[in-house]
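Notes to accompany the following structure.
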Amino acid sequence: MPEASASAGDSHAEPRIAPLPVEERDQATNDMLDKVGPGRDLNLFTTLVRHQRLFRRWLPLCGGLLSGKLSPRDRELLILRTADRCGAAYEWAHHLVFAADAGLTSEEVARVRAGADADGWTELESALVRSADELHDECEISASTWSVLSAHYDQEQLIEVPMVVGHYHMVAFAARSFGVTIEPAYQADPAAHGAD
Numbered sequence: 001m002p003e004a005s006a007s008a009g010d011s012h013a014e015p016r017i018a019p020l021p022v023e024e025r026d027q028a029t030n031d032m033l034d035k036v037g038p039g040r041d042l043n044l045f046t047t048l049v050r051h052q053r054l055f056r057r058w059l060p061l062c063g064g065l066l067s068g069k070l071s072p073r074d075r076e077l078l079i080l081r082t083a084d085r086c087g088a089a090y091e092w093a094h095h096l097v098f099a100a101d102a103g104l105t106s107e108e109v110a111r112v113r114a115g116a117d118a119d120g121w122t123e124l125e126s127a128l129v130r131s132a133d134e135l136h137d138e139c140e141i142s143a144s145t146w147s148v149l150s151a152h153y154d155q156e157q158l159i160e161v162p163m164v165v166g167h168y169h170m171v172a173f174a175a176r177s178f179g180v181t182i183e184p185a186y187q188a189d190p191a192a193h194g195a196d
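Last residue of the sequence shown? That's 196 in the UniProt record's numbering, and every number before it is there in order.
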């Protein structure tokens with residue numbers, strides 16, 4: 001799998017808002033982080049948990065989108081393209097792991113960066129990548145792209161497409177603005193996380 005590159009954004013040498021250290025976490029904070037599961041100590045979550053009220057309300061949306069009606073593969077195409085377009089290295093590095101788990105190959109991940117017109121996409125995959133671009137550039141999915149999506153998806157899946165892209169724009173905006181740093185394990189060879 002391709003690694004997150006410096007050209008993918010996140011240019012702060014030091015975080016503007018540092019992750020909350022373990023020794024400063026109270027029981028309420030630990031309870032909220034426990035809801036994250038195995039990723040509870042990742043820098044994104046331990047930074048966002050500094051705003052407990054917001055974190056408590058954001059986490060269910062995040063979880064709902066990650067377990068929604070879109071297939072993991074389709075969802076990860078949307079997220080990776082959003083991360084690429086936003087220059088969000090943190091988001092890109094972490095979602096390489098999810099993408100590998102969803103069955104995306106190194107070649108397909110490289111194709112995400114090449115865009116919707118790259119050779120090798122199915123009609124639906126091309127429409128997904130294009131929808132992320134259109135939402136990024138125009139804040140709306142075009143009629144032609146919508147027509148392809150609606151031929152493959154039910155209404156709930158169609159609702160999820162812009163919600164996933166919008167959510168990961170928000171995550172990119174936050175991670176880049178706060179200077180959230182990529183953990184060393186995610187800077188290493190992504191094969192260590194189960195990628196091909």
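Glycine included, each C-beta is placed from N, C-alpha and C at the ideal position.
Computed from a prediction, not measured in an experiment: that's the story for all the values here.
Exercise for the section: Decide if S147 is buried, meaning its Cβ has at least 16 other Cβ atoms within 10 Å, or exposed. Expected result: Per the 10 Å Cβ criterion, exposed.
Problem - Cutoff 7 Å; reference H169; Cβ partners in own chain excluding five residues on either side - result: Counting only Cβ-Cβ distances below 7 Å, and skipping sequence neighbours, we find T82, C86.
Practice task
Could you tell me the boundaries of the alpha helix (DSSP H) in which S106 lies?
Solution key: Counting along the chain, the alpha helix (DSSP H) containing S106 begins and ends at 106 to 114.
Practice task
Please state if the CB of H94 and the CB of L80 are separated by a distance shorter than 8 Å.
Solution key: No, these two residues do not count as a Cβ contact at 8 Å.
Practice task
May I ask which residues mark the beginning and end of the alpha helix (DSSP H) holding E140?
Solution key: Secondary structure note for E140: it is in no alpha helix (DSSP H), with a DSSP letter that is neither H nor E.
Practice task
With a threshold of 16 other CB atoms inside 10 Å of the CB of S173, please say whether the residue is buried or exposed.
Solution key: It is Phe, not Ser, that sits at residue 173 in the sequence shown. Exposed, by the Cβ-count rule.
Exercise for the section: Tell me, please, whether the segment 18 to 32 touches the segment 150 to 167 by the rule of three or more beta-carbon pairs shorter than 8 Å. Expected result: Look at the beta carbons and you see the segment 18 to 32 not touching the segment 150 to 167: under three pairs across the two are nearer than 8 Å.
Handout entry: Cα-Cα separation, C139 to P184
Key = Answer to the nearest angstrom: the Cα atoms are 34 Å apart.
Exercise for the section: Using a threshold of 8 Å, state whether the C-beta atoms of residue 214 and A132 are closer than that. Expected result: The displayed coordinates of the chain run from 1 to 196. Any statement about residue 214 would go beyond what the structure contains.
Problem - Buried or exposed by the 16-neighbour rule on C-beta atoms within 10 Å, applied to L61 - result: The C-beta of L61 has fewer than 16 other C-beta atoms within 10 Å across all chains shown, which makes the residue exposed.
Problem - Delimiting residues of the alpha helix (DSSP H) encompassing T29 - result: For T29, the uninterrupted alpha helix (DSSP H) run begins and ends at 27 to 34, by DSSP.
Handout entry: Cβ neighbour criterion (16 or more within 10 Å) applied to A175
Key = Label assigned to A175: buried.
Practice task
With DSSP as the reference, label E134 as helix, strand or coil.
Solution key: Taken through DSSP and simplified to helix, strand or coil, E134 comes out as helix.
Exercise for the section: Return the chain-ordered list of same chain residues with a C-beta closer than 7 Å to the C-beta of E123, the five sequence neighbours on each side being excluded. Expected result: Closer than 7 Å at the Cβ level, and outside the excluded window around E123, lie V148.
Handout entry: Exposure label - P19; buried when at least 16 CB within 10 Å
Key = Classification for P19: buried.
Handout entry: Spatially closest choice to E156 from R16, R113, L65, I141, by CA coordinates
Key = Ranked by Cα distance from E156, the options R16, R113, L65, I141 are led by L65.
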